[in-house]
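Chains H and R supply the protein sequences, listed in that same order.
By UniProt numbering, the letter at position 320 of the first sequence is numbered 320, and the numbering carries on one by one without gaps.
By UniProt numbering, the letter at position 270 of the second sequence is numbered 270, and the numbering carries on one by one without gaps.
Backbone N, C-alpha and C define an ideal beta-carbon position, used for all residues, glycine too.
Quick notes on the structure that follows.
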Amino acid sequence: MSGPTPGLSRRRFLGTSLLFVGGAAISGCQTDPTGSGSGGAKVTLNHWYHEYGEQGTREAAMRYAADYTKQNPDVAVKVTWVPGDYKTKWQSSVLTPEGPDIYEINEVTPDMVAQQQVAALDDILGAAKGELNEHALSPLTHGGKAYGVPMIIDVMLLYYRKSLLSAAGVQPPKTLTELVSAAKALTRGKTKGIFVGNDGLAGMRNLLPFSVGQNVLTGRRVSYATPEIADAFALVRRMFTDKSMLLGYATEWYDPGALITGATAIAWGGLWALPQIKKELVDDFDLIPWPAHGPGGKPVVILGGWSQVVNGKSKHVAEAKKYIQWLWLQNNEVQQDWALSYGFHVPPRAGLAAQAEPLRSGPAKTAIDLLNQYGTRTTALWAPTVSKPYDDAVSDIVKKNADPMATLGAAAQRSQEALDKLPTV
Amino acid sequence: MSLRTGRPGTSAGPVTGPAPAAPRRRRVDWPAWRAFILLTAPLVVGLVVFKYVAMGWGLLLSFSNARGTIALGDWAGLANYRALLDDPRFRTSLSMIVVFTLVIVPLTFAIALGLAVLVNRLRRGRALFRTTFFLPAAVSYVVASLIWKMSLFSGVPSSAANSLAALFGQEPTAWIATVDPPLYWVVLITVRLWLQIGLYMILFLAGMQEIPGELYEAARVDGAAGEWRLFRHITFPLLRNTSVAVTLLLVIASFQAFDEFYNLLSTGLAGAPGPDGRPPLVYLYDVSLVQQDYGVGSAGAFVVTLLIVVVTLVQGRLVGLGRKDGE
Chain H
1 MSGPTPGLSR RRFLGTSLLF VGGAAISGCQ TDPTGSGSGG AKVTLNHWYH EYGEQGTREA
61 AMRYAADYTK QNPDVAVKVT WVPGDYKTKW QSSVLTPEGP DIYEINEVTP DMVAQQQVAA
121 LDDILGAAKG ELNEHALSPL THGGKAYGVP MIIDVMLLYY RKSLLSAAGV QPPKTLTELV
181 SAAKALTRGK TKGIFVGNDG LAGMRNLLPF SVGQNVLTGR RVSYATPEIA DAFALVRRMF
241 TDKSMLLGYA TEWYDPGALI TGATAIAWGG LWALPQIKKE LVDDFDLIPW PAHGPGGKPV
301 VILGGWSQVV NGKSKHVAEA KKYIQWLWLQ NNEVQQDWAL SYGFHVPPRA GLAAQAEPLR
361 SGPAKTAIDL LNQYGTRTTA LWAPTVSKPY DDAVSDIVKK NADPMATLGA AAQRSQEALD
421 KLPTV
Chain R
1 MSLRTGRPGT SAGPVTGPAP AAPRRRRVDW PAWRAFILLT APLVVGLVVF KYVAMGWGLL
61 LSFSNARGTI ALGDWAGLAN YRALLDDPRF RTSLSMIVVF TLVIVPLTFA IALGLAVLVN
121 RLRRGRALFR TTFFLPAAVS YVVASLIWKM SLFSGVPSSA ANSLAALFGQ EPTAWIATVD
181 PPLYWVVLIT VRLWLQIGLY MILFLAGMQE IPGELYEAAR VDGAAGEWRL FRHITFPLLR
241 NTSVAVTLLL VIASFQAFDE FYNLLSTGLA GAPGPDGRPP LVYLYDVSLV QQDYGVGSAG
301 AFVVTLLIVV VTLVQGRLVG LGRKDGE
């Protein structure tokens, strides 16, 4: 081992080491600003995105930020691209004063409003509010006030492989009973009939109540413990037990890999995957809604998607609102680019959705038509505390043969207790 | 911790010579104290800020209504503890971790000890085998879980487990999604065994190398023939302290299980695993970070900590932790 460097005293060595460690600790705590700060800006907005899978999205987000700074030199935007479990990360960060000024969410819970994690945005929505898709806006709305701006709508429905269905002599199913039979008939060789998620539940858990013509909540009342919903889950269990479901695949339901490779004949998926599916399967696929069940049932297409909110505790609420307004309400080019240049999503503004050329033909048009006819989703009161007992009950029914009605009944009681605790905002 | 401030060797060991002169008042070695404070201060500050303040805050939060916030002030008394213990899913998570502990602790103990005995007997290549068995301990739980989930135990026919099953004419199985019967336990148990056996094997090996070889020679001279008898009457009894420590560490590690449950069993874009893969820490992660109820989450953290302390103390009493040999 070599001795100390000549001229470097122990005291100085120790001091330098401490400074190094301190510097390393501070730099380790910083987020990853990938964006386009402007040196002369008076305000820097911190803008968080979750990691989008489609190539080019990150660069696009940074380009929008840079364009905004060009037009508004006083405001720099620091884009932070958050990989992995994004939800947990933003939920933790908004508990502190250092949270992002603007961030993406799927829905706004009453607790978020009560804790000022979001600011009301009606003043920037203005006339555009009436033009926004009602199902995209409803999970962001409390007491008539909107707390987010929808940036994209994700349409979720069933994809199927035409060739596999015709080889098995199966018609595209129109009822849940037909879907169960079709899944069984399509399970041959290395192909399974249907893929709704690796746990056999993910994609379909929340849509089944809609498919019998009911809802999980009716206002502030939990309404999922009904014989019709219980019956639908009992039927779905058959797909699980007769091994018609693809389970434990390498990727999750939101990736079209299982359909493209032929590991499944029918797959729950999103419109975002359409360009990739079209590229790989060309014409060997089509789209259908999740089929209806029972006398009052109706087909279902679920709306998902992302919205952007302003952190109510931000020091720059006004600047953040102005930036969001420019980005998602005034700038048509940005919305078209974001929705359609990377994967396929639907712009939340009706006018833009209608004009979007790539959505006016072929399977994309089918998806839009189905969305307009059958599109729905749960409301803002379907918060994680309320939905958790339901999710657990459904898992027990489908995977462990728990009595459907009794299990849903017990869960509904717990969901109602959680719902009663949600603040009225 | 003590600092050496007097002459070495003046206090240890039996005094056999003439009685030493009465010690003079010791001079405080300030440079040594300064160095001690300087070097330990960052650690102590870190410990206070990130452990004790956080724990104190957590305790206060456990008595607060803290949905979507970690601010104090909206006191709830014992309501969070009542809500937690009233939740059947939390009680299930506790029983699940007890079952997991009852399976994983004896299994790891037995396999690690068996491997240590085998490796210890090797005349050549001991270092190679020791390193080979220890290597998995350096692998992250997350990485190992993903390998188990996506490659070894995935549900497709080409996965390692299903390929092996096919040789025996078995159909492909969805190992992780099958909860009735609970096949997901095969995945959970094997990944943890793979990850932790090497570490405990090293501890046993270290313990074995402390046993004097003369004992075995004497036993053989006395007619104790056979490896099993030597193991039973010499090796295992003399490994008592190591065995106690290993069992203690295994039980604590088992109660703190999180990584493999979360990474193997969670699905979708976010969110904790379903009800069948939710040991206490995963349950608390879900309550705190998904449902954003930091009051109930903090209450749960203290309940689980208390449980670990109680189990450790009971276990320590049963196996004689800290008792000297022969007591």
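At least three beta-carbon pairs within less than 8 Å, the segment 244-254 of chain R to the segment 212-223 of chain R: no
Residues, ordered as in the chain, of the segment 152-184 of chain H that lie near chain R by beta-carbon distance below 9 Å: none
Closer than 7 Å to chain H by CB, Thr-267(R): yes
Span separating the alpha-carbon of Ile-105(H) from that of Lys-184(H): 37 Å
Close beta carbons around Ile-252(R), own chain, < 8 Å, minus the five adjacent residues each side: Ile-308, Thr-312
Terminal residues of the alpha helix (DSSP H) in which Leu-265(R) lies: 259-265
Beta-carbon neighbours of Arg-91(R), restricted to chain H and to distances below 9 Å: Here the premise fails: no neighbours, minimum Cβ distance about 13 Å.
Enclosing beta strand (DSSP E) for Tyr-294(R) [first to last residue]: Per DSSP, Tyr-294(R) is not a residue of any beta strand (DSSP E); the alpha helix (DSSP H) it occupies stretches across 294-319.
Three-pair Cβ contact test at 8 Å for the segment 116-129 of chain H versus the segment 318-327 of chain H: yes
Inter-stretch contact at 8 Å, needing at least 3 Cβ pairs: the segment 230-239 of chain H / the segment 386-398 of chain H: The segment 230-239 of chain H makes contact with the segment 386-398 of chain H; the number of CB pairs closer than 8 Å reaches 3 or more.
For Ile-102(H) and Gln-308(H), believed in contact at Cβ under 8 Å, the rounded distance: 6 Å
Reduced DSSP category for Gln-171(H) - H, G, I as helix; E, B as strand; rest coil: coil
Buried versus exposed call for Tyr-342(H) [16 or more other C-beta atoms within 10 Å across all chains shown]: buried
Close beta carbons around Thr-191(H), own chain, < 7 Å, minus the five adjacent residues each side: Cβ contact annotation for Thr-191(H) (same chain, cutoff 7 Å, sequence separation greater than five): Leu-164, Gly-262, Ala-263, Thr-264, Ala-265, in chain order.
Within 7 Å, strictly: CB atoms of Gly-248(H) and Ala-206(R): no
Chain-ordered chain R contacts of Asn-401(H) [CB-CB under 9 Å]: Asp-180
Three or more C-beta pairs below 8 Å linking the segment 131-149 of chain H and the segment 175-182 of chain H: no
Whole runs of the beta strand (DSSP E) within the segment 269-353 of chain H, excluding any shorter than 3 residues: Whole beta strand (DSSP E) segments, 3+ residues: 286-288, 301-310.
CB of Ala-299(R) within 7 Å of CB of Ser-62(R), strictly: Yes, the Cβ-Cβ distance between Ala-299(R) and Ser-62(R) is below 7 Å.
Residues from the segment 145-163 of chain R in contact with chain H, defined by Cβ distance under 9 Å: Lys-149, Met-150, Ser-151, Phe-153, Ser-154, Gly-155, Val-156, Pro-157, Ser-158, Ser-159: these are the residues of the segment 145-163 of chain R whose beta carbon lies less than 9 Å from some beta carbon of chain H, given in chain order.
Simplified DSSP state of Arg-240(R), which is helix, strand or coil: helix
CB of Leu-115(R) within 7 Å of CB of Met-55(R), strictly: Leu-115(R) is not a Cβ neighbour of Met-55(R), given a cutoff of 7 Å.
Own chain, CB closer than 7 Å to His-135(H), minus 5 neighbours either side, in chain order: Leu-303, Gly-375, Thr-376, Arg-377
Touching by the beta-carbon criterion (3+ pairs, under 8 Å), the segment 139-152 of chain R and the segment 230-237 of chain R: no
Neighbour list for Asp-199(H) in chain R, Cβ cutoff strictly below 7 Å: Ala-177, Thr-267, Gly-274
Residue-chain proximity (Pro-299(H), chain R), Cβ-Cβ < 7 Å: no
Integer Cβ distance of Ile-104(R) from Ser-254(R), believed to fall under 8 Å: 5 Å
Chain R contact for Ser-395(H) (CB, 7 Å cutoff): yes
As assigned by DSSP and simplified to three states, the class of Ser-64(R): strand
CA-to-CA distance, Tyr-285(R) to Gln-256(R), given in whole angstroms: 12 Å
Any C-beta of chain R under 7 Å from that of Leu-95(H): Contacts with chain R at 7 Å (Cβ-Cβ) include Leu-95(H).
Beta carbon of Ala-202(H) nearer than 7 Å to that of Trp-253(H): yes
Contacts around Asp-74(H), its chain only, beta-carbon distance under 7 Å, and the 5 residues preceding and following it disregarded: Within the same chain, Asp-74(H) has close Cβ partners Ala-41, Lys-42, Val-43.
Cβ of Gln-330(H) within 7 Å of any chain R Cβ: Contacts with chain R at 7 Å (Cβ-Cβ) do not include Gln-330(H).
Residues near Lys-162(H) by beta carbon distance below 8 Å, same chain, minus five either side: The residues Asp-283, Asp-284, Phe-285, Asp-286, in chain order, have a CB closer than 8 Å to that of Lys-162(H) in the same chain once the five nearest residues on each side in sequence are set aside.
CB contact below 7 Å: Leu-208(H) versus chain R: no
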